[in-house]
Every structure is written in C-alpha cells, then in structure tokens.
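Remarks on the structure that follows.
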Amino acid sequence: MQRWAAELLTIFWRVHDPTTLNRQDADVGTQYRSVIFYHNEEQKAIAEKSKQEADASGLWANPIVTEISPIDAFYLAEAYHQNYYRLNPNQPYCRAVIDPKIQKFRNTFRGK
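In short: position in the sequence shown from 1, add 4, done, that's my numbering.
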C-alpha cells in the first residue's frame, strides 16, 4: 500500500465514527454516511484491506459500516460551503462537530 494512502486511511478510521449508518453526530441521512470513494481496483483493494484491518483492530465496539464505492462524479460544493470551517470557526456546527474532530486528530497524531 502506498504510504500516503495508509496514513490517510488511518486518520479516516480514527477521527470519525465509522460504525454509525447514515449519521454524523446529530445529523442523519445518507448524505452523512461514512464512505470511501475509489477510482480504480487498486484503490478499492487498498480501502477494503484497510477497512478489514480497522474492523479487526478493536478500536470500535461496533462493526464498521463504511461503504466503499466507485466514484461516479465529483461535484464542487457551493461557494458558501468552501473553506467553511476556516471562514466560520465560531459557528455552532464548527464548535460542536468539527472542533472535537480536530482536537481528536491533534491528540491522536501529535508528534507524527
């Protein structure tokens, strides 16, 4: 596995909860699902292997439900969603949802 992919997937598995289906904190719906999109079979295999390893690691009490799906299209977010956290750090969503994830990332990966 390419090193950057392994590092990115390690962060992915640890910073969010991949065991909740169609949910991110208080937000519910398929748009909040945990998913890894891939472009080719190599990326798919890397994602599937990483998911199996994360599931077997015991990090999460419940099974991982993250989807691994081919990417069909990429849509750029609306302008008001671009750099949202950087431009709106004091908004309630940023403070309640994003700040804890950033802190978890910093605590988990400090010194790496």
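Glycine is no exception: its CB is placed at the ideal position from the N, C-alpha and C atoms.
Terminal residues of the continuous alpha helix (DSSP H) containing residue i?
i: valine 101; result: First-last for valine 101: undefined, no H or E at that position.
i: phenylalanine 16; result: 7–19
i: alanine 65; result: Alanine 65 -> no alpha helix (DSSP H), and no H or E assigned at all.
How would you label residue i, buried or exposed, when you count the other beta carbons within 10 angstroms and need 16 or more for buried?
i: threonine 34; result: exposed
i: proline 74; result: exposed
i: lysine 55; result: buried
i: alanine 83; result: exposed
i: threonine 112; result: exposed
i: serine 61; result: exposed
Which of helix, strand or coil does DSSP assign to residue i?
i: phenylalanine 113; result: helix
i: tyrosine 71; result: First, the residue type needs correcting, since residue 71 is glutamate and not tyrosine in the sequence shown. Residue state, collapsed to three classes: strand.
i: arginine 37; result: coil
i: tyrosine 84; result: helix
i: tyrosine 117; result: This structure does not reach residue 117, given that the chain is present from 5 up to 116, and the question cannot be answered.
i: serine 61; result: coil
i: tyrosine 22; result: Per the sequence presented here, residue 22 reads as proline, with tyrosine not at that position. Coil.
i: valine 97; result: The question names valine, but residue 97 in the sequence shown is tyrosine. Helix at tyrosine 97.
So residue i packs on residue j, CB below 8 Å; how close in whole Å?
i: isoleucine 68; j: aspartate 59; result: 5 Å
i: histidine 20; j: lysine 105; result: 7 Å
i: tyrosine 36; j: glutamine 28; result: 4 Å
i: isoleucine 40; j: isoleucine 72; result: 5 Å
Provide the residue(s) that pair with residue i in DSSP beta bridges, ordered along the chain.
i: glutamine 28; result: Asp31
i: tyrosine 42; result: Pro74
Between residue i and chain D, is there a C-beta pair that is closer than 7 Å?
i: proline 74; result: Absent from the structure is chain D; it holds one protein chain and no more.
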